[in-house]
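Trainee: Structure below; questions to follow.
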Amino acid sequence: MYQEERLIGILQHLEQHQRISIENICELFDVSRDTARRDIIKLEEQGSILRTRGGAILPTLTNKVANYSDRLSDEATTQSKKAIGRLAATLIHDGDYLLLDASTTVQSAAESISTQGHVVVTNSIDIAGILNRKEGIDVHLLGGKLHPEHRLIYGARALEMLKDYHVHKLLLGTCAITTDGLTNPYEEEGFLVREMMRRADQVILLADRTKFGKRQFNRISGLEQIDIIITDQEPNEEMKEALHRHEIDILIAKGDEE
Numbered sequence: 061m062y063q064e065e066r067l068i069g070i071l072q073h074l075e076q077h078q079r080i081s082i083e084n085i086c087e088l089f090d091v092s093r094d095t096a097r098r099d100i101i102k103l104e105e106q107g108s109i110l111r112t113r114g115g116a117i118l119p120t121l122t123n124k125v126a127n128y129s130d131r132l133s134d135e136a137t138t139q140s141k142k143a144i145g146r147l148a149a150t151l152i153h154d155g156d157y158l159l160l161d162a163s164t165t166v167q168s169a170a171e172s173i174s175t176q177g178h179v180v181v182t183n184s185i186d187i188a189g190i191l192n193r194k195e196g197i198d199v200h201l202l203g204g205k206l207h208p209e210h211r212l213i214y215g216a217r218a219l220e221m222l223k224d225y226h227v228h229k230l231l232l233g234t235c236a237i238t239t240d241g242l243t244n245p246y247e248e249e250g251f252l253v254r255e256m257m258r259r260a261d262q263v264i265l266l267a268d269r270t271k272f273g274k275r276q277f278n279r280i281s282g283l284e285q286i287d288i289i290i291t292d293q294e295p296n297e298e299m300k301e302a303l304h305r306h307e308i309d310i311l312i313a314k315g316d317e318e
């Protein structure tokens, strides 16, 4: 077996088991300890893993977030996001006052809204445009600084404006969720998201399976501030136990193919 094939196999093992030892590599691929160590060094040089005593783990901290258009066109998660968005839209009732953050999964929910009589506050220029084309929805777009890659409004002005509102429901996306809560890479956006959570009676988190187990630089909140989570796959047992401990309802969205 070539080294590149082993490296792919090591990463696949890590995706399933979170860590791998030198002994695991030797047994899985029938190689010497020296070869196993060279494989780990190669993966570390590529930035794919972190070396630990006797083995390796996947990095838990990531600061990479694709820009908005790339996230919208990501074929691996597009159908999941649409399914999550459709299910989220069924939780919205005529006359609800809503807060929608600027995630692509929340955009899928906005596209699926068929109810009326809403007042919606958002910091997403794309979601504002989508809802503006629907009847019976009064849209309030937060003012402030526009992020060119992620197409969201943020900053002190947006934060001050948000403090004047209170809504029934917040539909919120996330970059990363663990048993410790929600994180993202941008401190200023984090300020805005935390204020959104304070301004809603009910917080509904939309998170596809790729967001679980990831951790980023800036902590937004613990799990205790979430009421409902909508995802496309059952979380692992540790995550599920943490969600149940905080009395969070877990809804699983099924795609068309299922």
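Here the sequence shown is numbered in the numbering used here, starting from 61 and rising by one per residue. C-beta: ideal position from N, C-alpha, C; glycine also.
What's the gap between the Cα of GLY189 and the Cα of LEU232?
Mentor: Along the sequence shown, one-based indexing puts residue 189 at 129. Along the sequence shown, one-based indexing puts residue 232 at 172. Going from the Cα of GLY189 to the Cα of LEU232 covers about 18 Å.
Trainee: Just tell me which of LEU242, LEU252, LYS229 has its CA closest to the CA of GLU220.
Mentor: In the sequence shown, the residue the question calls residue 220 occupies position 160. Looking at the Cα atoms, LEU252 is the closest of the given residues.
Trainee: With three or more C-beta pairs closer than 8 Å as the rule, is the region 272–281 touching the region 201–212?
Mentor: No: the two stretches stay apart, fewer than three of their Cβ pairs being nearer than 8 Å.
Trainee: Near LEU67, which residues of its chain fall below 7 Å by C-beta distance, leaving aside the five closest residues on each side in sequence?
Mentor: To locate residue 67, count along the sequence shown from 1; it is residue 7. Taken in chain order, the residues that qualify are ASP99, LYS102, LEU103.
Trainee: Would TYR246 be called buried (16 or more neighbouring beta carbons within 10 Å of its own) or exposed?
Mentor: On the sequence shown, position 186 is the one that residue 246 refers to. Buried: at least 16 other Cβ atoms inside 10 Å.
Trainee: Nearest to ASP141 by CA position, among THR150, THR112, THR165, is which residue?
Mentor: Locating residue 141 in the sequence shown gives position 81, counting from the first residue. The displayed chain sequence assigns Lys, not Asp, to residue 141. LYS141 has its Cα closest to that of THR165, out of THR150, THR112, THR165.
Trainee: From ARG79, ALA148, ASN183, pick the residue whose C-alpha is nearest to that of LEU266; which is it?
Mentor: In the sequence shown, the residue the question calls residue 266 occupies position 206. The shortest C-alpha separation from LEU266 is found at ALA148.
Trainee: Looking only at its chain, what residues have a beta carbon closer than 8 Å to the beta carbon of GLU318, apart from the 5 residues adjacent to it on each side?
Mentor: In the sequence shown, counting from the first residue as 1, residue 318 sits at position 258. Note that GLU318 has pLDDT 41, beneath the 50 cutoff, so the model's placement of it is unreliable and the number below is only indicative. Around GLU318: no qualifying Cβ.
Trainee: Which full runs of the beta strand (DSSP E) of 3+ residues lie inside the region 187–250, going along the chain?
Mentor: Segments of the beta strand (DSSP E) lying fully in the region 187–250: 197–201, 205–207, 212–214, 227–232, 236–238, 241–244.
Trainee: Please state if the CB of ILE80 and the CB of ILE117 are separated by a distance shorter than 9 Å.
Mentor: For the purposes of this step, residue 117 is identified with residue 57 of the sequence shown, where counting begins at 1. For the purposes of this step, residue 80 is identified with residue 20 of the sequence shown, where counting begins at 1. Cβ distance < 9 Å, so ILE117 and ILE80 count as in contact.
Trainee: Any idea what DSSP makes of GLY335, helix, strand or coil?
Mentor: Given that the chain is displayed from residue 61 to residue 318, the structure contains no residue 335 and the question cannot be resolved.
Trainee: Residues in its own chain within less than 8 Å of ARG254 by CB, not counting five upstream and five downstream?
Mentor: Indexing the sequence shown from 1 puts residue 254 at position 194. Here the set comprises ILE280, SER281.
Trainee: Going along the chain, which residues of its own chain have a beta-carbon closer than 7 Å to the beta-carbon of HIS207, five neighbours each way excluded?
Mentor: The residue given as residue 207 occupies position 147 in the sequence shown. Contacts found: TYR214.
Trainee: Quick one: is ALA216 buried, meaning 16 or more other Cβ sit within 10 Å of its Cβ, or exposed?
Mentor: If you number the sequence shown from 1, residue 216 lands on position 156. Under this definition ALA216 is an exposed residue.
Trainee: With distance defined between alpha-carbon atoms, name the residue in THR138, ALA96, ASN278, GLY115 nearest to ASP314.
Mentor: In the sequence shown, counting from the first residue as 1, residue 314 sits at position 254. In the sequence on display, residue 314 carries Lys and not Asp. LYS314 has its Cα closest to that of THR138, out of THR138, ALA96, ASN278, GLY115.
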